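Protein sequence lines correspond, in order, to chains A and B. For the first sequence, the numbering used here begins at 1 and goes up steadily by one. For the second sequence, the numbering used here begins at 842 and goes up steadily by one. Think of the CB as a built atom: it goes at the ideal place given N, C-alpha and C, for glycine as much as any other residue. The structure presented is a predicted model; accordingly, all values stated were derived computationally and were not measured.
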Amino acid sequence: MVKQKLIVIGNGMVGHHFLEQLATRPERELFEVTIYCAEPRPAYDRVHLSEYFAGRTADDLALGRVEQYRDWGYELLLNETAVAIDREKRLVTSASGQERSYDRLVLATGSYPFVPPIPGHEHGKCFVYRTLEDLDAIRAASENARTGVVVGGGLLGLEAANALKELGLEAHVVEFARGLMSVQLDEGGSDVLRNKIESLGVAVHTGTATELIEECDGRLRMQFKGGRKLLTDLIVFSAGIRPEDRLARTAGLELGERGGIVIDEDCRTSDEDIFAIGECALYQSRVFGLVAPGYTMARNVVAQLCGESASFTGADMSTKLKLLGVQVGSIGDAHGRTDGAAAITFVDEQHGIYKRMITDAEGSKLLGAVLVGDTSDYDQLLQYHLNDIDLPEHPEQLILPAADGEPPALGAGSLPASATICSCHNVSKGQVVDAVQGGCCTLGEVKDATRASTGCGGCSALLKNIVDEELAALGMEVNNHLCPHFEFTRQELFHIVQVEEIRTFSQLLEQHGNGHGCEVCKPAVASILASLWNDHIHRRPHVGLQDTNDTFMANMQKNGSYSVVPRVPGGEITPDKLIVLGQVAKKYNLYTKITGGQRVDLFGARLEQLPDIWRELIDAGFETGHAYGKSLRTVKSCVGSTWCRFGVQDSVAMALHIENRYKGLRSPHKIKMAVSGCTRECAEAQSKDVGVIATENGWNLFVCGNGGMRPRHADLFATDLDDETLIRYIDRFLMFYVRTADKLQRTSVWMENLEGGLDYLREVVIEDKLGLGEELEAQMANVVGTYQCEWKTAINDPEMLKRFRQFVNTEEQDERIVFVEERGQPRPAREAEIVKVAEPA
Amino acid sequence: MTEVAINPTPWQPVCQRSDLVAESGVCVLAGGVSVTGPSTPRRSIALFFIPDSDPQLYAVDNWDPIAGAGVIARGLIAEVEGELTVASPLYKQHFRLRDGQCLEDPEIRLATYPAAFDGDTVVIIPMPEPT
Ligand code: SRM
Ligand SMILES: Cc1cc2nc3c(=O)[nH]c(=O)nc-3n(C[C@H](O)[C@H](O)[C@H](O)COP(=O)(O)OP(=O)(O)OC[C@H]3O[C@@H](n4cnc5c(N)ncnc54)[C@H](O)[C@@H]3O)c2cc1C
Ligand code: SF4
Ligand code: FES
């Protein structure tokens, strides 16, 4: 069989999608595929480009992979820019002279950033924002810079401004038009956006035309029409994109008046055998600067090549995004340009929220919408728009804040099967339903099967709704039950244990559960029992309930050895104690490391060594640090007023007080705290579950922050508290959390899921609206009063110590735990480094 | 003079009932050169004692092939769809106690061993049960 020669020029997001879609087809065997890729690496996720500054690597962003293309049998020419198409000879040539002939050609050359021809724009400190190399250059230039200016206040410009701000620069946005994001937003929306962005510390100059850029004392001076000037260290142009059509132009293909390769419904150019897809293509005088329409074009061409009929008839350009932390959404005809369009607008200046719906003259269909500051209604409005669903009788309720009762919710159930759920991958509700009926039982499985929600992620909430609803319809339980052994939520179980004064897991299982229990309910119930009754976790009835870390009161490491973390309250430690840590580490050959929590971790202890190590630490005055427990971890502190010239309160003393008060408190998840001596915040209190910052008059209390996977800044909860009130609030806050949170829920997620959120929490803790205040405090007093160092109790109890035997029938060591030395300390040997021990037959 | 087994038995005593922890696991080192029965390689074996199940005693390999560490004895006992399993303490895969099958990966199975009480003594045969 003679294969058809297929060349793809351009390996960006759309080119990649094309290749990937083709690879899923059996017809791929019919083609010999060659790809010209101008960039040094195959396609990557340009949509999430900015995350490159937030720590994601080129590898994380990669979409295409060299090996993958090879597996698919494609020839990938990296670093090869196609410079000529000879349509007579059907030949493509690259800059370096690589020549290939084609039967079919696909142009996916994307677009390039437009740089306005302002004199001085070619200066070395002027950048654009399109490729990884652009970002590398910006990062390098920002190192010695103070100020950065973005020219262009559209969607990308604001994203670039955010990036500059994250790089630590004072950021400015210069926009020629009257308002920001003028393509997507109407005037009102754009004003609210501007206020929000300015309040975040980005300077906005709208209605401003740049006339000249010149060098001035090693910096750049921008001169604006009307005479104003601005000094900066670097400039990023984000003044729009232009279709990359140069190759098509020299090949004599038909172009639009303002550029763009003209295509028809088949995505064919003026040459039958040449297709154009993505941002380089012009359909009905429009270029589509988003991935979703490009993906639709790509699928269209794949279908045609496989002999099917398909057509591209334009695309919806609705978008929802977060710019500098401000939510913005734009749907359909946002400007109300349709004849007879009517608008309904809601403005909340205090909170910076602007919402506007555009309806037809009768108010029965949704033509478009603009949302700034709050896009929670976006998914629902988009479905009304895309599926032409009749609006409810009072459409304004769709955007008004819920007063009494819920706004009329458009449940996922009321969407037609044809409704598009994920526009990135063109997945309809019908396909999602089919996937669930075909056996997918979790969101993850549905994502894998349909690819929905694996692009921009904007559709994830809606997808979850549909999956849940469908699972429920199939009679599968979508519930918050702890696990199959208890048909209760954690909160309900907490209540049962408390009211019925249940003391053991088996009692609870017998009276309210079934079966034997599992690795989910056992530790969760153990935690509830500990929060309420604070028995030693090793008392017989609790022994089998604990995760290994709690069982052995140490953190298991990858090779089965353990780490030891003694408590160092507030990070304050005497020289004598430091010396003991060193001596113990040396004696037992432990790897030592300063942790991120202001204490010292000793790694590599064998199970049977743990009691001896702890005996020595306890003799020197140490206590367990609960690094293994879902409980209070550390309270970080800064040196505070005792030493620091800026400190206004004794932050160390407060941190010590707090750590000693709450140590040992078992909770749904771990709890971290910090105390800073002044607003400079050296202890990073605003990233903790409980953060305390000193003021002239006392303490500011912050709650519900965390680092980790999904970092969240803590919210300011109460200000200028005296010591006693501070502790009272923390007592109540923590106990309310312990009582009502779900298993493994950090305070942030708990609070976000509490109806009424932070305000409600204030009502409960500060105003004592539920009348629970005293009870919560009493419960906390009980926990504080019954504290024991678990390790101290354990080393004095022979029965408990029996657990710390590697083998119950011999004193030998586990010979498969092997260490080697690195940088003067032990570390677990890698597999290849272990001399094979007698392997069981 | 070496003692020679009069009544050779593959069952080896490994520990006492009081060494076991109800609803949880302990580890024994078993096998080796035997004078009372066949010699077998030395193995770390995890013993689980679940008083209200039948059988009450389970013996499986202590080596977790997924994590590459000898830690199975320190896992939590978990009932999954009516079957007793142990969840590996490192990456939480479930291994069925009665036959060692990993529920997450059909390719992986821990060896299991016959185990029983002889009065208050725990005895096992340190040779893998056939699958
Ligand atoms: C040792 C340490 C890293 C270090 O070398 O510095 C560490 C090590 C571990 N962290 Fe951490 N974390 C350590 C500080 C942190 C910090 C920084 C901090 O506390 O200021 C964070 C981010 C702050 C936060 O939690 O809000 C952090 C976020 C996590 C997370 C993600 C939590 C989240 O909500 O997303 C996990 C996973 C979890 O808990 O589920 C985790 C889990 C772990 C575990 C327990 C994973 C495990 O189960 O094996 C690691 C084992 C500890 C051990 O063997 O002793 N560790 N971990 C730090 C110990 C601090 C201490 O003294 O107790
Ligand atoms: C910072 C940023 C954020 C964005 N955010 C979003 C978003 O949130 N949502 C959204 O929908 N879209 C977003 N976009 C737009 C989206 O990235 C584009 O729509 C998409 O990348 C277009 O894909 P493409 O393949 O058509 O073009 P590109 O991804 O630009 O790929 C074209 C490729 O062709 C190469 N090429 C050009 N000429 C030649 C030649 N002659 N020979 C060989 N190779 C050539 C180029 O080097 C390039 O690698 C964003 C873009 C940027 C830059
Ligand atoms: S937070 Fe304030 S008191 Fe504490 S070290 Fe920093 S500047 Fe000093
Ligand atoms: S809409 Fe982008 S991932 Fe679904």
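Check: residue i C-beta below 7 Å from any heavy atom of ligand 2
i	result
Gly240/A	no
Arg139/A	no
Arg65/A	no
Glu133/A	no
Ile263/A	no
Cys518/A	no
Val291/A	yes
Glu75/A	no
Arg249/A	no
Thr81/A	yes
Asn11/A	yes
Asp236/A	It is Val, not Asp, that sits at residue 236/A in the sequence shown. No.
Arg130/A	yes
Val14/A	yes
Val8/A	no
Cys37/A	yes
Cys789/A	no
CB contact below 8 Å: residue i versus chain B
i	result
Thr551/A	yes
Met800/A	no
Gln511/A	no
Gly606/A	With the sequence shown as reference, residue 606/A is identified as Arg, and Gly is not the correct amino acid for it. No, its Cβ sits nowhere closer than 8 Å to a Cβ of chain B.
Asn559/A	yes
Cys267/A	no
Thr504/A	no
Asn809/A	yes
Cys518/A	yes
Ala248/A	no
His335/A	no
Tyr547/A	According to the sequence shown, residue 547/A is Asp rather than Tyr. Asp547/A counts as touching chain B.
Arg490/A	no
Cutoff 8 Å: residue i Cβ touching any chain A Cβ
i	result
Leu931/B	yes
Ala928/B	yes
Arg858/B	no
Leu925/B	yes
Ile918/B	yes
Gly960/B	no
Arg915/B	yes
Val901/B	no
Status (buried if at least 16 other CB within 10 Å, exposed otherwise) for residue i
i	result
Gly405/A	Confidence in Gly405/A is poor, its pLDDT being 44 and thus under 50, which makes the residue's placement unreliable; the coordinate value appears in the next sentence. When all chains shown are included, Gly405/A counts as exposed.
Asn549/A	buried
Gly960/B	exposed
Ala841/A	Any reading at Ala841/A is ruled out, since the residue's pLDDT is 36, under 50, leaving its predicted position unreliable.
His538/A	buried
Met709/A	exposed
Ser142/A	buried
Cys216/A	exposed
Lys743/A	buried
Leu474/A	exposed
Leu701/A	buried
Asp233/A	buried
Cys868/B	buried
Arg645/A	exposed
Assess contact between the stretch 573-592 of chain A and the stretch 655-675 of chain A, defined as three or more Cβ pairs (one per stretch) separated by less than 8 Å. Is contact present? no
Pair every Cβ in the stretch 193-204 of chain A with every Cβ in the stretch 118-133 of chain A, then say whether three or more of these pairs are closer than 8 Å. no
Is there contact between the stretch 771-791 of chain A and the stretch 658-667 of chain A, where contact requires at least three CB pairs shorter than 8 Å? yes
Are the stretch 790-797 of chain A and the stretch 610-619 of chain A touching, with three or more C-beta to C-beta distances below 8 Å? yes
Counting beta carbon pairs with one atom in the stretch 491-500 of chain A and one in the stretch 447-454 of chain A, are three or more of them shorter than 8 Å? no
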